[in-house]
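Colleague:
Below you can see the structure in the form of structure tokens.
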């Protein structure tokens, strides 16, 4: 094993959460943080900090970003409000110039410390309201809002009625209305809202209720993060009642590995509908990310190239790299980063998203999600056990969300 790999591995094993780089030169290091829940009882996304570490290893092996060593701090958000606030306070204490590619549903708790310190939040997962309202948030996707609106559009074509199983949380309370907006655009009625605990170990009651409400020719949609697998395990164990009901979800709650674990082409997800933010994982646009994972993840099994969390982190760091290169200074500060983004820096992600830009006029401007700049989603379907594109290219749901805001 090369000395660089040994050094990085030793650092990771020490638990300090910082990946040193090999970049040299006189330019000051750029310190950023990536956080996500790990080992919690609900949704966990260890692939996001793991992707951040691999990205740092990649750019630092080539001299850093424009001569700056990239220092990545990682933090376990634990999927609770105290953990989110703690990670944000640590970012401030350790003088991070940005939080990049992170996940937390507790936007109020983490954005307040970041805003007080002027630290931008670049490319969050899109699960919290504050990611689309804070003046210091720079999202790379349309968050859960576009996924649910897109899912409604996708299932409306073939589902007479739809039941949505979603978390009984503050973050989950808006999901039914968002999906309704997509269903309405497809000429369908409102979704049947089925609430569920986000950390349950059995969902038989909710599965039975959802199937009854969907009816013959309907769809059962579940958006429960990591517990989506648990729900569909309960669902498939229900006695067959002879009705034709399709299932659907969003990428992040379901992925290819889950399709594989549940029987592939012979499992419950064959012909299922999924809405995502980005192209399918097999798309050539992901080739560079896959190469970085193969070479710089040091055998870290936390990174799944098909995981939307890891994909979002990759795109968020692509933005950071472009920002630092555009600044072209010996020292990178929070103010320089936000000023560069606010002034209209364009970031080309190689087809993974539309060109990203965060000027006021680029924002969608809906009352609930004013800072969405990317209202595109992709429609995917399982064919012969593989997630493939249902239709070519992106589908814009920006107008769908604008319509929802006026309902």
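Residue numbers (the numbering used here): -9 to 397. From the three backbone atoms N, C-alpha and C, an ideal C-beta is built for every residue, glycine too.
1. Drop a sphere of 10 angstroms on the beta-carbon of residue 234, count the other beta-carbons inside from all chains shown, and report buried for 16 or more, exposed for fewer.
2. Give the straight-line distance between the Cα atoms of residue 17 and residue 212, rounded to the nearest whole angstrom.
3. In this structure, what does DSSP give as the bridge partners for residue 157?
4. Based on the DSSP secondary-structure assignment, which residues constitute the bridge partners of residue 359?
5. What residue does the beta strand (DSSP E) around residue 209 start on, and which one ends it?
6. Tell me the residue span of the alpha helix (DSSP H) that contains residue 100.
7. Express the C-alpha separation of residue 291 and residue 155 in angstroms, rounding to a whole number.
8. Tell me the start and end of each unbroken alpha helix (DSSP H) in the segment 37 to 111 that is at least 4 residues and wholly inside, in chain order.
9. If you draw a straight line from the alpha carbon of residue 380 to that of residue 320, how long is it in whole angstroms?
10. Pick helix, strand or coil for residue 176, following the three-state DSSP scheme.
11. Can you give me the C-alpha to C-alpha distance between residue 13 and residue 49, rounded to a whole angstrom?
12. Flag this pair as yes or no: are the beta carbons of residue 186 and residue 158 separated by less than 8 Å?
13. Cutting at 6 Å between CB atoms, please list the residues of its own chain near residue 180, excluding the five before and the five after it.
14. Which runs of the alpha helix (DSSP H) spanning at least 4 residues fall entirely within the segment 188 to 259, listed in chain order?
15. Going by C-alpha to C-alpha distance, which of 31, 47 and 26 sits closest to residue 37?
16. Using the Cα positions of residue 84 and residue 24, report the straight-line distance between them to the nearest angstrom.
17. May I have a chain-ordered list of the beta strand (DSSP E) segments no shorter than 3 residues that lie completely inside the segment 304 to 382?
18. Per DSSP, residue 264 is paired with what?
19. Taking its Cβ as the centre, do 16 or more other Cβ atoms sit within 10 Å of residue 129, making it buried, or is it exposed?
Modeller: Working from what's here:
1. exposed
2. 48 Å
3. 186
4. Answer is none; residue 359 lacks a bridge partner.
5. 209 to 212
6. 97 to 107
7. 30 Å
8. 37 to 50, 71 to 83 and 97 to 107
9. 47 Å
10. coil
11. Its pLDDT being 43, under 50, residue 13 is placed unreliably by the model, and nothing is read from it.
12. yes
13. 170
14. 194 to 204, 218 to 226 and 246 to 251
15. 26
16. 13 Å
17. 366 to 373 and 376 to 379
18. 239 and 370
19. buried
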